[in-house]
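So the sequence shown is numbered by our numbering: it starts at 14 and just counts up by one.
Step one of this worksheet: look at the structure below.
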Amino acid sequence: VADAQVVVVGAGTARAEGYGSAGLPLVVVSRRGVLPETLHGAEQVVLATTRASGMDEGEDRWLCGDETVDLAQVLERARSAFGPHVLCEGGPSLAADLAAAEGTSLPDPDYSFGFHDKLELALQGGGATETNMRRAFSV
């Protein structure tokens, strides 16, 4: 999306697709606190993880949730740090968690659909199984 100011991506997607340095800031969501190797040393990368990961909070590490990553907190921090236009990329797990995450207070009243105002779905690769799609969209 042309107007995105930051990309939020699941660690599994970043790992599977070989994400590297990008032109935009990148927030990688990982419950275990594991940054894909292709992103080690990359600029403008933040790891969003849990307190259970045992990591410390830092400029490039956000602790967002105790046992699971609190996506409301991730999105609010991403908007605060980089701007209001967030592109979320990920597989069925991140999509399901994002769709389920409701109830944050967003500063812009135009965001009337919870965390997202637009959904683009592309099915590709081995992760897009019927089971995963049912989980993501509760079909």
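Quick reminder that beta carbons are idealized off the backbone N, C-alpha and C, glycines included.
Beta carbon of residue i nearer than 8 Å to that of residue j
i	j	result
A55	V42	no
A24	V99	no
V47	C101	no
V19	G71	no
L39	Q57	yes
G103	T51	no
P49	R28	yes
R44	T63	yes
Bridge partners - residue i, DSSP secondary structure assignment
i	result
A61	V42, W75
E102	V22
Distance between residue j and residue i (C-alpha atoms, nearest Å)
i	j	result
S106	D83	13 Å
D79	S66	9 Å
M10	A15	In the structure as shown, the chain starts at 14 and stops at 152, and residue 10 therefore has no counterpart that could be examined.
R92	L37	13 Å
Start and end residues, alpha helix (DSSP H) containing residue i
i	result
V87	84-95
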